[in-house]
Amino acid sequence: TRNNSELVAGWGNLVNRTATMIAKSFGEVPAAAELEPVDEAVLAVVRRGFDTVGDLLEHHRLRAGIAEAMRVVGEVNKYLTVTEPYKMKDEAQRDRLATVLHVAAQCVSDCNTLLSPFLPHAANKVHRVLGGEGELMPMPRIEQVDELDPDNGAGLVSYPVITGDYAATPRWESRPVTVGAKVGKPTPVFVKLDPSVVEEELARLGG
């Protein structure tokens, strides 16, 4: 489907190119120097995503929600295309390179939160790619529950529900990336993504 191909070409590409450039140039999330208008603009786009995607999720518009999140991812990819950090090889450009890659890391971290309701397992992988520790997104699980007050006259009814430790779920907001967090050469978050990914995620939930 279109969303599947976008996840591979868009999100996976953004995560990998950002982490690869950081690992090669700094080995850790660099601190930003002075932000330029292009930096402020992309950060604002991503921050607005928390409002737009959050509103869509509240109204149970999941397809529209992931489409909006992917639109934001596309804007961050455009930012890297415009700023061209991979061409900043002179020492005089070192501060600018650090700033662009810091902004990119911040955007990837925030986009990861935007996509976490749809891809919780991948969210943890991306979190670790950027030097994060532990789990960003606690894994939901499927449990069988009994309806104690059935009103259909059929007696005790049992059915599966999705639950989890949501007290540990990250807040729906931008959180500063950790300057100095170690970033190594990443392995692709998505090697292949096809329609079976949904079944695989559900299988993990029940495993």
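Under our numbering, the first residue of the sequence shown carries the number 2, and numbering increases by one thereafter. Yeah, the Cβ is synthetic: ideal placement off N, Cα and C, and Gly gets one too. Just so it is clear, the structure is predicted and the values come from calculations on it, not from any experiment.
Endpoints, alpha helix (DSSP H) assigned at residue i
{"i": "H122", "result": "P121 to V130"}
{"i": "Y80", "result": "L63 to T84"}
{"i": "H103", "result": "R95 to L116"}
{"i": "T1", "result": "Nothing can be reported for residue 1, as the shown portion of the chain is limited to 2 through 208."}
Buried/exposed call for residue i, threshold 16 Cβ in 10 Å
{"i": "Y167", "result": "In this prediction, Y167 has a pLDDT of 48, which is less than 50 and means its spatial position is unreliable; what the coordinates show is noted afterwards. It counts as exposed."}
{"i": "V39", "result": "exposed"}
{"i": "R49", "result": "exposed"}
{"i": "T82", "result": "exposed"}
{"i": "A124", "result": "buried"}
{"i": "H60", "result": "exposed"}
{"i": "P86", "result": "buried"}
{"i": "L58", "result": "buried"}
Beta carbon of residue i nearer than 7 Å to that of residue j
{"i": "E69", "j": "T53", "result": "yes"}
{"i": "M22", "j": "L102", "result": "yes"}
{"i": "F191", "j": "G13", "result": "yes"}
{"i": "L15", "j": "V73", "result": "no"}
{"i": "N78", "j": "P187", "result": "no"}
{"i": "G11", "j": "M71", "result": "yes"}
Paired residues, beta bridge with residue i - DSSP
{"i": "E29", "result": "K183"}
Assumed close pair residue i, residue j - CB separation to whole angstroms, cut-off 8 Å
{"i": "L44", "j": "C108", "result": "7 Å"}
{"i": "A20", "j": "V180", "result": "Contact flag wrong, Cβ pair sits at about 15 Å."}
{"i": "L131", "j": "V178", "result": "7 Å"}
{"i": "A34", "j": "D96", "result": "4 Å"}
{"i": "V46", "j": "E92", "result": "Contact doesn't hold; Cβ gap of about 31 Å is too wide."}
{"i": "E174", "j": "F51", "result": "6 Å"}
{"i": "V127", "j": "E29", "result": "V127 to E29, Cβ: 17 Å. No contact."}
{"i": "A99", "j": "F27", "result": "7 Å"}
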